[in-house]
Amino acid sequence: MTNLRIPQLSAPLRDKLAQLMVVRIGSNLPPVRTVEQDADRVAALLEQTPVGGLIVFNGQADATPRTLERLQQACAYGLWVGADIERGVGQQLRGLPLYPHAMAFDALQADAGQTVAEFARETAATARAHGLHASFSPVADVNVDPRNPIIATRAFGVHPTRVAELAAAYVKGCRQGGLLTAAKHFPGHGNTHEDSHHELPQDLADLATIERVNLPPFAACVAAGVDMLMTAHVAYPAIDASGLPATLSRRTLVDLLRTKMGFEGAVISDSLLMQGVRQAFATEGELAVAALNAGVDLLLDVADAPQTLRDLEHAVERGELSVERVDEAFERLVRMKEQAFQQPGDSTTPVARAEALASRVAATACRVVKNAHALLPLDAQRPLTCLLFRPYESHLDPPEQPLAAALRERFKDVIYVEATPSLADAELPRLQNLALEAGQLCIAIVVKPAAWHRFGLPQGWQQLISNVAAEREFALACLGTPEGLLPYDCSVQICAFSDVPYSQIALANLLAGVALPHSALASDAPTPDNYHPS
0 MTNLRIPQLS
10 APLRDKLAQL
20 MVVRIGSNLP
30 PVRTVEQDAD
40 RVAALLEQTP
50 VGGLIVFNGQ
60 ADATPRTLER
70 LQQACAYGLW
80 VGADIERGVG
90 QQLRGLPLYP
100 HAMAFDALQA
110 DAGQTVAEFA
120 RETAATARAH
130 GLHASFSPVA
140 DVNVDPRNPI
150 IATRAFGVHP
160 TRVAELAAAY
170 VKGCRQGGLL
180 TAAKHFPGHG
190 NTHEDSHHEL
200 PQDLADLATI
210 ERVNLPPFAA
220 CVAAGVDMLM
230 TAHVAYPAID
240 ASGLPATLSR
250 RTLVDLLRTK
260 MGFEGAVISD
270 SLLMQGVRQA
280 FATEGELAVA
290 ALNAGVDLLL
300 DVADAPQTLR
310 DLEHAVERGE
320 LSVERVDEAF
330 ERLVRMKEQA
340 FQQPGDSTTP
350 VARAEALASR
360 VAATACRVVK
370 NAHALLPLDA
380 QRPLTCLLFR
390 PYESHLDPPE
400 QPLAAALRER
410 FKDVIYVEAT
420 PSLADAELPR
430 LQNLALEAGQ
440 LCIAIVVKPA
450 AWHRFGLPQG
460 WQQLISNVAA
470 EREFALACLG
480 TPEGLLPYDC
490 SVQICAFSDV
500 PYSQIALANL
510 LAGVALPHSA
520 LASDAPTPDN
530 YHPS
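Sequential numbering from 0 applies to the sequence shown in numbering that gives the first Met the number 0.
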């Protein structure tokens, strides 16, 4: 690994401003491109604009470390490299294990804290071995509003004390492995029902509720030594009556976070591509100035770094952004780089251990919520029809989801159909008839959040499931939040809390009665009826 150079506190103002910016390499947004396909563009950018860091999307485990090393060698200052790896490094680097969503860890009950810490240590080792310095995790939001389209299964649960425990365990585990962390989305994105990727949500809770529900997980992360807090593009009138999102609110980032909560690490914005914060500004430069003045230290996902750098320089010249504020943010960045660059990455990648842990989490979390007439397990010697409803598609999707192969391995005869957004409404009656005429039937639904994608099922799909439920018994499985089960009165209800491949395999095992985990029928398992904050 290249000996990464840390900028000096006496660096030129232009370099200091550029170092505060983080740009993306690779993208899952149109036009989709891998890290490798994007490398030349980023290399050219670095020649003219010495940005401080990269956020990695759509990489490959066997190629991305070499790409990052090449970029590091060409830089005047070392780049700190982070990624959204809430579900492990495999979330951004294909070829590595993908863990279940955070809500699945909450479902582990007494073993959750220890398992989260183990997951974090494995994530840290894998990340460092692949050229990453930071995880933009944990999600420290409490999933208060079941309509929330962007948190849901990404949260460790609905109870503040539980989320605090598990988020802090993640921070501690990553610290043990030398990986920086960024708890998000301060001061809490869980009590909203809008997606900040598209619009500016509001959390209308009073201050006492925010202090009781939203803040404890962030306070726990601060106490655990979290390196960064990521801001929410959400307005909190009880904190700042101006209506500004937290990303642009000094009352939130300085008065509350710095003064009252005592946080001394770096404040990083959520992506500046998101409309929740971007829509009020004519230029990205104006947004960057406002964020820095509010108390943000690091600007994440800057789209046009050269122009934004020029705008920042002009803002300093005009007195709209003080040199003192720039120096304050820059000093925090330098301290963070000193910590990240002086900790060597693990020389090995514990893929086998990670696979075993991810599989264990998925199997233990997947559970039966309802089993009327003892229909489970299903009869592996009888035909099974499975309909899987997925409300959005990704360029990374395989021709069939792993559930199909898992069921075929366990049942004698399987009819498997996937419904995706490309399915015409005219096809729904055919699927309904298929479900009604099937012998054994499982309907699986994916209800999970994803940036710039639909959350929940279209009305026509919901009606189909309700129609089938009114006519016959079948197993309904939610590969996501347990709230997805609420609209339907079915004989059998199963919640896997995630749709990753390991969770789909766990569902197939549970349906067939293969290696059924002891906790699968536990009476204290989270269910749609009791899975709400108190």
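All C-beta atoms in this analysis are idealised placements derived from N, C-alpha and C, irrespective of residue type, glycine included.
Inset, instruction - Just the C-alpha distance for Arg257 and Gln18, rounded to the nearest angstrom, thanks. - result: As a working note, residue 257 is residue 258 in the sequence shown. As a working note, residue 18 is residue 19 in the sequence shown. Looking at the backbone, the Cα of Arg257 and that of Gln18 are separated by about 22 Å.
Inset, instruction - Hey, could you find the ends of the alpha helix (DSSP H) Gln535 is sitting in? - result: Because the chain here runs from 0 to 533, residue 535 falls outside it and cannot be looked at.
Legend entry - Ser26 versus Glu35: straight-line alpha-carbon distance, rounded: Residue 26 sits at position 27 when you count from the first residue of the sequence shown. Residue 35 sits at position 36 when you count from the first residue of the sequence shown. The straight-line gap from Cα to Cα measures roughly 11 Å.
Legend entry - Contact between the segment 81-88 and the segment 122-130 (3+ Cβ pairs under 8 Å): Enough Cβ pairs lie closer than 8 Å, so yes.
Legend entry - According to DSSP, residues forming a beta bridge with Thr180: The count along the sequence shown starts at 1 and reaches residue 180 at position 181. Looking at the DSSP assignment, Thr180 forms a beta bridge with Ser134.
Legend entry - Residue nearest to Leu3 in terms of C-alpha spacing, selected from Gly52, Ala353, Leu16: Here the question's residue 3 lines up with position 4 in the sequence shown. Nearest to Leu3 by alpha-carbon distance, out of Gly52, Ala353, Leu16, is Gly52.
Inset, instruction - Counting only the same chain and skipping the five closest in sequence on each side, list residues whose C-beta sits under 7 Å from that of Trp460. - result: Counting from one through the sequence shown, the residue named residue 460 turns up at place 461. The residues are Phe388, Ala418.
Legend entry - Pair within 9 Å by beta-carbon distance, Leu478 and Ala437: By 1-based counting over the sequence shown, the position of residue 478 is 479. By 1-based counting over the sequence shown, the position of residue 437 is 438. Not closer than 9 Å, so no.
Inset, instruction - Please classify Pro159: does DSSP put it in a helix, a strand, or coil? - result: One-based indexing of the sequence shown puts residue 159 at position 160. Helix.
Inset, instruction - Tell me, please, whether the segment 385-403 touches the segment 480-497 by the rule of three or more beta-carbon pairs shorter than 8 Å. - result: Flag = no, the segment 385-403 and the segment 480-497 do not touch.
Legend entry - C-alpha gap between Asn292 and Glu354, whole angstroms: As a position in the sequence shown, residue 292 is number 293, starting the count at 1. As a position in the sequence shown, residue 354 is number 355, starting the count at 1. Asn292 and Glu354 have their C-alpha atoms spaced approximately 44 Å apart.
Legend entry - Own chain, CB closer than 6 Å to Lys15, minus 5 neighbours either side, in chain order: Here residue 15 refers to the residue found at position 16 of the sequence shown. A distance below 6 Å between beta-carbons, with the five flanking residues on each side excluded, links Lys15 to the following residues of its chain, in chain order: Val325, Phe329.
Inset, instruction - Determine, using beta carbons only, whether Val138 and Ala154 come nearer to each other than 9 Å. - result: Within the sequence shown, residue 138 is the residue found at index 139, counting from 1. Within the sequence shown, residue 154 is the residue found at index 155, counting from 1. At the C-beta level, Val138 and Ala154 come within 9 Å of one another.
Inset, instruction - Answer yes or no: do His372 and Ser490 have a C-beta to C-beta separation smaller than 9 Å? - result: For the purposes of this step, residue 372 is taken as the residue at position 373 of the sequence shown. For the purposes of this step, residue 490 is taken as the residue at position 491 of the sequence shown. Yes. Within cutoff.
Legend entry - Where the alpha helix (DSSP H) through Cys365 begins and ends: Residue numbering aside, residue 365 sits at position 366 when the sequence shown is read from its first letter. Segment: none, Cys365 is in no alpha helix (DSSP H) and carries neither H nor E.
Legend entry - Whole-number beta carbon distance between Leu199 and Ala234, since they are thought to touch under 8 Å: In the sequence shown, the residue the question calls residue 234 occupies position 235. In the sequence shown, the residue the question calls residue 199 occupies position 200. Their Cβ separation, rounded to whole angstroms, is 6 Å, which keeps Ala234 and Leu199 in contact under 8 Å.
Inset, instruction - Classify Lys336 as helix, strand or coil using the three-state DSSP reduction. - result: Position 337 of the sequence shown, counted from the first residue, corresponds to residue 336. Reduced to three states, the DSSP call for Lys336 is helix.
Legend entry - Through-space distance from Gly261 to Ala126, alpha-carbon basis: Within the sequence shown, numbered from 1, the residue matching residue 126 stands at position 127. Within the sequence shown, numbered from 1, the residue matching residue 261 stands at position 262. When rounded, the distance between both Cα atoms is 29 Å.
Inset, instruction - Within its chain, find whatever has a CB closer than 7 Å to the CB of Leu311; leave out the 5 residues flanking it on each side and keep chain order. - result: Here the question's residue 311 lines up with position 312 in the sequence shown. Excluding positions up to five away in sequence, the list reads Leu16, Gly284, Ala287, Val288, Leu320.
Legend entry - Element boundaries [beta strand (DSSP E), containing Leu53]: What you label residue 53 is simply residue 54 of the sequence shown in a count that begins at 1. From DSSP, the beta strand (DSSP E) with Leu53 extends over 52-55.
Inset, instruction - Ignore the nearest five residues each way along the sequence and tell me which others in Asn529's own chain have a CB closer than 7 Å to its CB. - result: Position 530 of the sequence shown, counted from the start, is the residue given in the question as residue 529. With a pLDDT of only 44 at Asn529, under 50, the local geometry of the prediction cannot be trusted, and the value read off the model is given with reservation. Once the five neighbours on either side are set aside, Asn529 has no close Cβ partner at all.
Inset, instruction - Assign Thr282 to one of three DSSP states: helix, strand, or coil. - result: Counting from 1 along the sequence shown, the entry for residue 282 is found at position 283. If DSSP states are grouped into helix, strand and coil, Thr282 belongs with coil.
Inset, instruction - May I ask you to list the residues that DSSP assigns as paired with Tyr415? - result: The residue given as residue 415 occupies position 416 in the sequence shown. Note: Tyr415 sits in a beta bridge opposite Cys385.
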